[in-house]
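Enquirer: Counting in full-length UniProt numbering, the sequence shown runs from 1 upward without gaps.
Take a look at this one; I'll ask things after.
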Amino acid sequence: MKSCSRAPVRVDPAGGGTDAPPFSVEQGGTVVNFAINRHVFASVDRLSAGNGVTIYSEDLRRGVTADSISVLPEGRLDFLQGFIRRLVPQDESILLVTESDVPAGAGLGGSGALGVAVVAALDHAFGRVRTPSETAQVANDIERGDLGYPGGSQDSFAAALGGINKLVYAKGGGVAHHPVKISRDTLMDLEQHSLLIHTSEAHVSGNIHQDILDSYGRKNSPTFNALVCLREAANSMAAALEVGDMAGYVDNLNLSCENLYRLHPSCDSSAHREYCVELEEHILGRKTCGAGGGGGMMVYTRPGHRRACLLCARELGGVVWPVMLDFKGAVTWSGKSTCKDVFEKILARCK
1 MKSCSRAPVR VDPAGGGTDA PPFSVEQGGT VVNFAINRHV FASVDRLSAG
51 NGVTIYSEDL RRGVTADSIS VLPEGRLDFL QGFIRRLVPQ DESILLVTES
101 DVPAGAGLGG SGALGVAVVA ALDHAFGRVR TPSETAQVAN DIERGDLGYP
151 GGSQDSFAAA LGGINKLVYA KGGGVAHHPV KISRDTLMDL EQHSLLIHTS
201 EAHVSGNIHQ DILDSYGRKN SPTFNALVCL REAANSMAAA LEVGDMAGYV
251 DNLNLSCENL YRLHPSCDSS AHREYCVELE EHILGRKTCG AGGGGGMMVY
301 TRPGHRRACL LCARELGGVV WPVMLDFKGA VTWSGKSTCK DVFEKILARC
351 K
């Protein structure tokens, strides 16, 4: 049998960026995010001794294989290698395969969801038990600490926990998770009027996070004030959602988008601005997802305009997805072992 996992990606309507140091540690941050019904998958086969370690990405159609973990070559699937090095005993032989529903650079926290899915699958394979919050923390520690990728932790928590989350980052460090409790009517309204539009303009979040970090440290930088506004918008949005105040939700959605663009010029997106001009008659609010600079954009449509918005966005060249929430978070199960023929094809692609 093999161990399988699935973890949702997220949209972040408010507060994104305030989860990342140094702001989160020095000032405290707040993020509101929704786990959505698009996923990252991972599977782990424990192989008999002597079969080495093989890592394969279905999305990239690329893999890496070695006789043991210690001799895995650098420069090929380094992200996944980081999780193997931390979580798999040196003498183990395994096959790790990953696959995603979303393209790279979509701004939906795909790398965070990938990390959570891999941790969950490896834990299932080796009989380890963690809480969802612990799974998120381990995945984020590997991504930020072991691998050195800049950013915060909201993506990992959304993927592990699922649902609608208010994540509060304390001064000095630490994060508290508060589920945002909304009525069924509010949930149905959100799902009916929300669309996720992926433009052809992908972003590279690591570069953008570094731009924000560099700007944050400069005197009279607009980045600090923008982060404060993002944090307050998240607090206000959570309160609005819990009482079903959709006008308040939309106001804070727009405020969050405006302040995301103020963080740094690289967070702005000419493609998203062009889309918003064309979609203006159909939408009340919008928010570029993730660190900005392109990728996905979530919109909240005017009543009766959902279909027209979808068609208009497609005419502009966008890929449009409905926004359906995932309240399960990361899940695991046992599947059939990878057959010999498939394993051999994977090995051939690793060369």
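Beta carbons: idealized from backbone N, C-alpha and C, even for Gly.
Computed from a predicted structure; not experimentally measured.
In terms of residue numbering, what span does the alpha helix (DSSP H) encompassing Asn252 cover?
Expert: Position 252 of the sequence shown, counted from the start, is the residue given in the question as residue 252. It spans 246-263 - the alpha helix (DSSP H) in which Asn252 sits, taken as one unbroken run.
Enquirer: Consult DSSP for Arg85 and reduce its assignment to one of helix, strand or coil.
Expert: As a position in the sequence shown, residue 85 is number 85, starting the count at 1. Here Arg85 sits in helix by DSSP.
Enquirer: How big is the Cα-Cα spacing for Phe327 and Gly162?
Expert: One-based indexing of the sequence shown puts residue 327 at position 327. One-based indexing of the sequence shown puts residue 162 at position 162. Distance between the alpha carbons of Phe327 and Gly162: 5 Å.
Enquirer: Rounding to the nearest angstrom, what Cα-Cα distance links Arg273 and Asp155 in this structure?
Expert: For this step, residue 273 is matched to residue 273 along the sequence shown. For this step, residue 155 is matched to residue 155 along the sequence shown. The straight-line gap from Cα to Cα measures roughly 25 Å.
Enquirer: Just to confirm, is the Cβ distance from Gly285 to Tyr300 under 7 Å?
Expert: One-based indexing of the sequence shown puts residue 285 at position 285. One-based indexing of the sequence shown puts residue 300 at position 300. Yes, the pair counts as a contact, with Cβ atoms nearer than the cut-off.
Enquirer: Rounded to whole angstroms, what is the Cα-Cα separation between Gly335 and Leu77?
Expert: Numbered from 1 along the sequence shown, position 335 holds the residue referred to as residue 335. Numbered from 1 along the sequence shown, position 77 holds the residue referred to as residue 77. Distance between the alpha carbons of Gly335 and Leu77: 24 Å.
Enquirer: For Tyr50 versus Tyr56, is the C-beta distance shorter than 7 Å?
Expert: Locating residue 50 in the sequence shown gives position 50, where the first residue counts as 1. Locating residue 56 in the sequence shown gives position 56, where the first residue counts as 1. The sequence given here has Gly at residue 50, not Tyr. Against a cut-off of 7 Å, the Cβ pair of Tyr56 and Gly50 comes out as no contact.
Enquirer: Are there 16 or more other CB atoms within 10 angstroms of the CB of Met1, so buried, or fewer, so exposed?
Expert: Within the sequence shown, the letter at position 1 stands for residue 1. The residue is exposed, with fewer than 16 neighbouring Cβ atoms inside 10 Å.
Enquirer: Tell me whether the region 132-152 and the region 111-120 touch, counting them as touching only if at least three CB pairs, one residue from each stretch, are closer than 8 Å.
Expert: yes
Enquirer: Taking the straight line between their C-alpha atoms, what separation do you get for Leu80 and Ile36?
Expert: Within the sequence shown, numbered from 1, the residue matching residue 80 stands at position 80. Within the sequence shown, numbered from 1, the residue matching residue 36 stands at position 36. Computed Cα separation, rounded: 23 Å.
Enquirer: Alpha carbon to alpha carbon, how far is Leu167 from Gly16? Give it in angstroms, no decimals.
Expert: Here residue 16 corresponds to residue number 16 of the sequence shown, with the count starting at 1. Here residue 167 corresponds to residue number 167 of the sequence shown, with the count starting at 1. Taking the straight line joining both Cα atoms gives about 10 Å.
Enquirer: Work out the CA separation of Ser68 and Ala234 for me, nearest whole Å.
Expert: Here residue 234 refers to the residue found at position 234 of the sequence shown. Here residue 68 refers to the residue found at position 68 of the sequence shown. Approximately 46 Å between the Cα atoms of the pair.
Enquirer: Would you call Gly151 buried or exposed, if buried means 16 or more other Cβ atoms sit within 10 Å of its Cβ?
Expert: Here residue 151 corresponds to residue number 151 of the sequence shown, with the count starting at 1. Under this definition Gly151 is a buried residue.
Enquirer: What residues match up with Lys166 in a beta bridge as DSSP calls it?
Expert: Residue numbering aside, residue 166 sits at position 166 when the sequence shown is read from its first letter. BP columns for Lys166 point to Val32, His178.
Enquirer: For Ser111, report the span of its alpha helix (DSSP H) as first-last.
Expert: Working through the sequence shown from its first residue, we reach residue 111 at position 111. That run of the alpha helix (DSSP H) goes 110-126.
Enquirer: Excluding sequence positions up to five away, which residues of its chain have a Cβ less than 7 Å from the Cβ of Ala308?
Expert: Along the sequence shown, one-based indexing puts residue 308 at 308. Cβ within range, chain order: His282.
Enquirer: Do the region 208-228 and the region 31-48 make contact, defined as three or more Cβ pairs closer than 8 Å?
Expert: Counting C-beta pairs with one atom in each stretch, the region 208-228 and the region 31-48 have fewer than three that are closer than 8 Å, which means they do not touch.
Enquirer: Please classify Trp333 as buried or exposed, where buried requires at least 16 neighbouring CB atoms within 10 angstroms.
Expert: Here residue 333 refers to the residue found at position 333 of the sequence shown. By the C-beta density criterion, Trp333 is exposed, having fewer than 16 other C-beta atoms within 10 angstroms.
Enquirer: So is Leu311 buried or exposed if we call it buried at 16+ other beta carbons inside 10 Å?
Expert: Position 311 of the sequence shown, counted from the start, is the residue given in the question as residue 311. Under this definition Leu311 is an exposed residue.
Enquirer: Which same chain residues, not among the five before or five after Asn259, have their C-beta less than 6 Å away from its C-beta?
Expert: As a first step, residue 259 must be located in the sequence shown, where it is residue number 259. Here the set comprises Ala226, Cys229, Leu230.
Enquirer: Specify, as a first and last residue, the run of the beta strand (DSSP E) that Ile55 falls within.
Expert: Here the question's residue 55 lines up with position 55 in the sequence shown. Residues 53-57.
Enquirer: Hey, out of Ser93, Leu95, Ser111, whose CA is closest to Asp101's CA?
Expert: In the sequence shown, the residue the question calls residue 101 occupies position 101. Considering only alpha carbons, the answer is Ser111.
Enquirer: Within 10 angstroms of its Cβ, does Met297 collect 16 or more other Cβ (buried), or is it exposed?
Expert: As a working mapping, residue 297 is identified with position 297 in the sequence shown. That one is buried.
Enquirer: Output yes or no for whether 7 Å exceeds the beta carbon distance between Leu122 and Leu87.
Expert: Residue mapping note: residue 122 aligns to position 122 of the sequence shown, counting from 1. Residue mapping note: residue 87 aligns to position 87 of the sequence shown, counting from 1. Yes, they are a contact pair.
Enquirer: Give me whichever residues DSSP pairs with Lys287 in a beta bridge.
Expert: Position 287 of the sequence shown, counted from the start, is the residue given in the question as residue 287. Per DSSP, Met298.
Enquirer: Alpha carbon to alpha carbon, how far is Ser337 from Thr54? Give it in angstroms, no decimals.
Expert: What you label residue 54 is simply residue 54 of the sequence shown in a count that begins at 1. What you label residue 337 is simply residue 337 of the sequence shown in a count that begins at 1. If I take the Cα positions, the gap works out to 15 Å.
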